[in-house]
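In our numbering, the protein residues as written are 15 to 392.
All residues carry an ideal CB built from backbone N, CA and C; glycine is no exception.
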Ligand SMILES: Nc1ncnc2c1ncn2[C@@H]1O[C@H](COP(=O)(O)OP(=O)(O)O)[C@@H](O)[C@H]1O
Ligand SMILES: [Mg+2]
């Protein structure tokens, strides 16, 4: 899939901006603060309905304006589709081909991006919730149902926690209702575990060879840390362990008023040379591991969806040496569309610049150079 057109209205520093993209490489160049990341952010939001940056939806609206809209036209092999998001102080709405879409899970996953962003390093350094969130997004983009499962799990989890608190206050008497909740939790858990184990296995199958091409080292893997202590998916085992955990820890969970076991406490650990990269790898190594992971994400997406997502790279080459930049760029095949930002064109591989469409941002204005023609529809 390829992004063909983008239209911004009162989004961040853009009042009204229309852009036509290159099917291949697109480069946004400009000084710091000129609005490069804002463009990638808009593309990201069109894909996932949420920003990759901190802040609320209202921060996205241009100062002194009441609402924003972001529109795009996406080109697939034999058809095109329009995606749109509007935000005002009351609501956020999403549209496909002009029709409002009510459920986010019916929207997400149709126009997809793989992003390389400066604070992606948090995937290694940050809290477990960042990694759970990452997993949820990536699996959710591939399998729509998965997002519904996660929402359902969170709802039941909330109910369970509230009920545990009430049991504690009222004194333990009737736990029949808790049994019902537990059964529901377990039913939905096995579905989510299934996808998580599957996805992590897919990533682990290709991560070592990718990392080797980037760094020369192949001893890398993700370990799926779950408090069930299991290393592979097995429905019956998971059901059994969860039943036991809930039963055995009822008193503890009641006292704390929360569910202490289950997939809301999962984590991923990146093991480089069998050591936790969070603790033992240098900043440079961590960055490279994250890039390898992202390339794995891209390739798993391609394997399952039979097409590439749009690749967005926010100023990621500046902290990587030239040799490694070359190694990274080798993964970007001809049929991948790339949108890159940089303050300095020198940082981008000449190979990429050669056929690129270059967008120069200065004083809120975008000047364009180069760019290939779009193929005519069959
Ligand atoms: N809601 C907003 N309204 C208007 N301008 C905004 C808004 N949010 C951010 N900006 C402006 O966007 C600019 C930052 O854009 P950004 O894309 O992050 O720059 P960079 O080119 O460094 O990536 C800043 O000048 C900031 O003032
Ligand atoms: Mg930026």
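Per DSSP, reduced to three states, the secondary structure at residue 242 is coil, with no helix or strand assignment.
Two segments are said to touch when three or more pairs of C-beta atoms, one from each, lie closer than 8 Å; by this definition the region 34-41 touches the region 358-376. When 346, 169, 342, 300 are compared, the shortest CA-CA separation from residue 203 is found for 169.
Within the chosen limit of 6 Å, ligand 2 reaches the beta carbon of residue 50 through at least one heavy atom. The alpha-carbon of residue 140 is positioned some 12 Å away from that of residue 291. At least one heavy atom of ligand 1 falls within 6 Å of the beta-carbon of residue 27. The bridge partners DSSP lists for residue 31 are 22. The criterion of a C-beta distance shorter than 7 Å is satisfied by residue 241 and residue 275. Taking non-hydrogen atoms of ligand 1 into account, the C-beta of residue 68 is found less than 6 Å away from none of them. Excluding its 5 nearest sequence neighbours in each direction, residue 20 has C-beta neighbours in its own chain below 6 Å: 33, 86, listed in chain order. DSSP places residue 325 in the strand class (E or B) of the three-state scheme. The C-alpha of residue 54 is placed about 12 Å away from the C-alpha of residue 26. For the set 77, 112, 81, 104, the Cα lying nearest the Cα of residue 94 is the one of 112.
At least one heavy atom of ligand 1 falls within 6 Å of the beta-carbon of residue 47. Annotation for residue 108: the continuous beta strand (DSSP E) segment containing it runs 106-110. Assignment of beta-bridge partners to residue 155 by DSSP yields no partner. Distances between the C-beta of residue 58 and the heavy atoms of ligand 1 are all 6 Å or more. With distances taken between CA atoms, residue 78 lies nearest to 23 out of 381, 23, 389. Nearest neighbour of residue 41 by Cα position, chosen from 388, 382, 387, turns out to be 382.
Bridge partners of residue 375 according to DSSP: 44, 380. When DSSP states are grouped into helix, strand and coil, residue 293 belongs to the helix group. Between residue 196 and residue 260, the C-beta spacing is below 7 Å. Distances from the CB of residue 77 to the heavy atoms of ligand 1 include at least one below 6 Å. Assigned with DSSP and collapsed to three states, residue 81 falls in strand. For residue 97, the uninterrupted beta strand (DSSP E) segment begins and ends at 94-102. Apart from the 5 residues on each side of it in sequence, residue 354 sits with its Cβ closer than 6 Å to the Cβ of 41, 327 in its chain, given in chain order.
Restricting attention to 281, 17, 313, the CA atom closest to the CA of residue 347 is found in 313. Inclusion of residue 150 and residue 119 in the CB contact set at 7 Å is not warranted, their separation being larger than that value.
Exclusion of the five residues before and after residue 330 leaves 130 as the residues of its chain whose Cβ lies within less than 6 Å of its Cβ.
Take the alpha-carbon of residue 219 and the one of residue 307: they are about 11 Å apart. Following the DSSP letters along the chain, one finds residue 229 inside the alpha helix (DSSP H) bounded by residues 190-229.
In the DSSP assignment, no residue is bridged to residue 273. For residue 263, same chain residues with a beta-carbon under 8 Å away, outside a window of 5 residues either side, are 274, 275 in chain order. The C-alpha of residue 98 lies about 8 Å from the C-alpha of residue 107.
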